[in-house]
Amino acid sequence: MDAKAIYALTAKGRAELNAGTVLMPAELRVLVLVDGAMTAVQVAAHAQPLAADLTFALLGKLVASGHLGLAGDLSVAGYSVVGFTLAEESDAGLASLKRDRYFVRIARRATEPRKLGKGERLTVLVVEDDPQLAKLLDLYLRMDNMQPRLASSRSEIAAALNQRPTPDLVLLDVMLPDISGFDVLTRMREHPAMKKIPVIVCTARATREAVLEGMQRGADGYVTKPFDAEVLQQAVKTVLGLP
């Protein structure tokens, strides 16, 4: 593989980031990083904790599977890769990661389908500090015969997570008044009783850098705002294993 080559998502790759995914976390991380502007070396520099040789191997695998293809001329990103130092490539890659308005609706498919008993309702914790959006999410979930539970602050989140029944799913905003949603996710993944609860990050933090952070901290899905009701409903059903 040419370390200076620039790869881009194919239609199959884009679909993988906007539907239920079955890719392994490392493969998904590389797929999120590829933007049609960074070289393979830049992708490897930002794929940590993945080693560079593993990143190159995954790039090759994703090309072979049809998720990625060559972006074409190496100057498509507006610069020539000739004479770049690794530091310059790293800076250019970081600028690409922080570029705004990267829309995705990633949802990892549940390993097994879930069958609900007669009258059974799943509990979904909605962590959202926008009252209007929280009400809309509450409505969408009730339309799907689910039982929403709302929280918007650190204390409310702690109380809602410890309330019985334990939530079957958490919809988690990132920008909260007194705590970062990413920190909430990290603490959940470190807690023996909560580490397996599926979490979908729902946020206006729409950069590759933010998506990568969410997935690295253990999110099962990432949906960027604004989103349609159908998009979120499909992500919820995908992560929970519902038809």
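Numbers 188 to 430, taken from the numbering used here, label the letters of the sequence shown in order.
Ideal placement from N, C-alpha and C gives every residue a C-beta, glycine not left out.
Check your understanding: Of all the beta strand (DSSP E) runs that stay within the bounds of the segment 298-367, which reach a length of 3 or more residues?
Key -> 310-314, 334-338, 356-359
Exercise for review: Would you mind giving the Cβ-Cβ distance between Leu-337 and Arg-216, rounded to the nearest angstrom? I have them listed as a contact below 8 Å.
Suggested key: With 8 Å as the limit, Leu-337 and Arg-216 do not qualify as a contact, their Cβ atoms being about 31 Å apart.
Review point. With distances taken from CA atoms, which of Glu-299, Glu-214, Pro-354, Leu-359 is nearest Ser-340?
Key: Leu-359
Point to revise | Exposed unless 16 or more other CB atoms sit within 10 angstroms - verdict on His-233 | key: buried
Point to revise | Cβ pair count under 8 Å reaching 3, the segment 366-377 against the segment 399-408 | key: yes
Exercise for review: Spatial neighbours of Lys-424 within its chain, please: CB distance less than 8 Å, with the 5 preceding and 5 following residues excluded, ordered by chain position.
Suggested key: Asp-331, Pro-430
Review point. Excluding five sequence neighbours on each side, which residues of the same chain lie with their C-beta closer than 6 Å to the C-beta of Asn-431?
Key: With the chain represented from 188 up to 430, any question about residue 431 goes unanswered, as that position is not in the structure.
Exercise for review: Spell out a yes or no on whether the segment 219-233 and the segment 297-317 are touching, meaning 3 or more CB-CB pairs, one atom from each, closer than 8 Å.
Suggested key: no
**Study point:** alpha helix (DSSP H) segment containing Thr-425, residue limits
**Key:** 416-427
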